[in-house]
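Structure first, commentary second.
Protein chains in written order, with the UniProt record's numbering: chain A, 1 to 143; chain B, 1 to 432.
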């Protein structure tokens, strides 16, 4: 139940980010979710795309340094307090979160969060036991 | 005022100096050949025996030594006196990380003190002066070298070492320091801080002796105006002894070489051929008085000119110009010798590509060193925390290798590859 997330190193230089995004767009790769972590020196672009293997090939050709990380995509009802509930479940189970980013889709009217934790299996167990809906990569790619 | 520490040497006739040099050179070559297997082999390989070197005219027959010999012979291979006779070590960085260690007997320290005392006295130092030594104390030769010279000249000596600028200035005002010894860039920083603190009228400095890094005539004028001093240059290197190999007199037109201890030559760096006086080339020194670590024909890699023109100060010691560059790629950053090859060694050991760029700048009178490296898959992670800790580890390794802090900047892959011709590895933005 994990999703492939592609991380891309982005040098802190004008134009670097747009070059990466344009390269993906030119090859018809559609983004499902993205976030950027930045420091004063560099950024890490984190992407969920519909065709991860193709995206990696495109990025490789564009001389980007990439890595693939397994993350969890969680469906959250679009009401106040629902994200807190999920985070509480993880916290109570002693699972620390590296980072979270959210995205919404127009199709289902729901909100989703991508969660990166140390121990995916444990987090998946805790969340599914409590009835939280996780998205498979297939569902995510077809959105 | 005469301003000589040892006038019998400093103002000796060329014949007298020549006699001293001939005797000392022949004796040193013999002693080194007999006691140092490394030198014996170098000389045997070149077919030179101690008997072939009777005077300075025979100097050209001897083989050169360079930094790589110091590395190969590290640490004791060039030691010419019993270790039990040695009383001190100083050290500087080598080309690929192995440090250079230089040994001193008590007699070596004594002659070094005299060399530095000549510089201090030439700058007006007397027993009434307060010498403020802000060079670093420790393995670096700057601090203890000038310290010994100031004491030898009978000055009240303040062993300040480097750093803690406000305390430096407090001592300077409270104790009335009259002669400042430090790097020229630190002197600029001190001058600026003194202005900011509004203490310019409480400073009693009359002279500054600045060395260990390159500085320009413009910088000299600025320092003289801002500190109300006369600024003197001093030259030296750990391999030869430290500061005081040569020193400036009040004429400020070059540095008198203490040639009763160190014979200078200028050579063509490509061919090794000795060049006539007045021609520009690489500076080479032969130590003729030292006991523990008397390097023969050591290639300094400094590009320089020697001149026997009569000096109005009365000294007859040969003068060398301020070094005009290097015949290798050594950088001097905050007074520390840095070789790009050292940085490359660290990067390769860390699994990074040899495509790197070194950017040296001077910000607020202090040199900065930035090492730009290309990101690679091994160093990359999706976590900022992980990348930053790897970056920190790399900076730690660079600091251990170089002895000074370097900032690491991560660049995109292939962003620093050579596009055409020779890649530019070093960008020195300093305006000095």
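Glycine included, C-beta positions come from ideal geometry on N, C-alpha and C.
This one's a predicted model, so the numbers in the text were calculated from it and none came from an experiment.
- The Cβ atoms of residue 342 (chain B) and residue 93 (chain B) sit closer than 8 Å to each other.
- For residue 117 (chain B), the enclosing alpha helix (DSSP H) begins and ends at 106 to 122.
- DSSP places residue 256 (chain B) in the strand class (E or B) of the three-state scheme.
- In this structure, residue 115 (chain A) lies near residue 71 (chain A), with their beta-carbon atoms less than 8 Å apart.
- Cβ proximity to chain B below 7 Å picks out 37, 39, 41, 42, 44, 46 from the stretch 18 to 46 of chain A.
- Checking the DSSP bridge columns, you'll see residue 304 (chain B) partnered with B:281.
- Residue 65 (chain A): not part of any alpha helix (DSSP H); DSSP gives it neither H nor E.
- For residue 180 (chain B), no alpha helix (DSSP H) encloses it; the enclosing beta strand (DSSP E) starts and ends at 179 to 182.
- Assignment of residue 189 (chain B) by DSSP, reduced to helix, strand and coil, places it in the helix class.
- At a cut-off of 8 Å, the C-beta of residue 118 (chain A) has no neighbouring C-beta in chain B.
- With respect to chain B, the C-beta atom of residue 9 (chain A) has a partner C-beta closer than 8 Å.
- Under the criterion of beta carbons closer than 8 Å, residue 117 (chain A) and residue 123 (chain A) qualify as touching, at roughly 5 Å.
- Residue 235 (chain B) and residue 413 (chain B) have their alpha carbons spaced roughly 42 Å apart.
- In the structure shown, residue 90 (chain B) adopts extended strand secondary structure according to DSSP, grouped into three states.
- As a beta-bridge residue in DSSP terms, residue 4 (chain A) pairs with A:70.
- Between residue 165 (chain B) and residue 193 (chain B), the C-beta gap is smaller than 8 Å, which places the two residues in contact.
- The Cβ of residue 16 (chain A) sits closer than 8 Å to at least one Cβ of chain B.
- Rounded to the nearest whole angstrom, the CA to CA distance from residue 155 (chain B) to residue 51 (chain B) is 44 Å.
- With a cut-off of 8 Å on Cβ pairs, the stretch 235 to 250 of chain B is in contact with the stretch 290 to 304 of chain B, counting three or more such pairs.
- Between the C-alpha atoms of residue 339 (chain B) and residue 331 (chain B) there is a straight-line separation of about 6 Å.
- Taking a C-beta distance under 8 Å as the contact criterion, residue 29 (chain A) and residue 55 (chain A) qualify as a contact pair.
- The Cβ atoms of residue 383 (chain B) and residue 11 (chain A) do not sit closer than 8 Å to each other.
- In the DSSP assignment, residue 266 (chain B) falls outside any alpha helix (DSSP H) and lies within the beta strand (DSSP E) extending over 262 to 267.
- When the five nearest sequence neighbours on each side are left out, the beta carbons in the same chain lying within less than 7 Å of the beta carbon of residue 157 (chain B) are those of 131, 133, 147, 150, 151, in order along the chain.
- Secondary structure of residue 365 (chain B) (DSSP, three-state): coil.
- For residue 343 (chain B), the enclosing alpha helix (DSSP H) begins and ends at 340 to 349.
- Here the stretch 351 to 370 of chain B does not lie against the stretch 284 to 293 of chain B, with fewer than 3 beta-carbon pairs under 8 Å apart.
- By the beta-carbon neighbour count (other beta carbons within 10 angstroms, threshold 16), residue 198 (chain B) is exposed.
- Rounded to whole angstroms, residue 8 (chain A) and residue 425 (chain B) show a C-alpha spacing of 26 Å.
- Considering only beta carbons, no part of the stretch 196 to 216 of chain B lies closer than 8 Å to chain A.
- Beta-bridge analysis with DSSP links residue 248 (chain B) to B:255.
- Between residue 317 (chain B) and residue 277 (chain B) a beta carbon distance of about 14 Å is seen, past the 8 Å cut, so the two are scored as non-contacting.
- Below 8 Å, too few C-beta pairs join the stretch 35 to 51 of chain B and the stretch 264 to 278 of chain B to call them touching: fewer than three.
- Within chain A, the residues placing a beta-carbon under 9 Å from that of residue 410 (chain B) are 9, 11, 12, 41, 42, ordered along the chain.
- Within chain B, the C-beta atoms nearer than 8 Å to that of residue 63 (chain A) come from 412, 413, 414, in chain order.
- Beta-carbon to beta-carbon, residue 229 (chain B) and residue 207 (chain B) are separated by about 5 Å, close enough to satisfy the 8 Å threshold.
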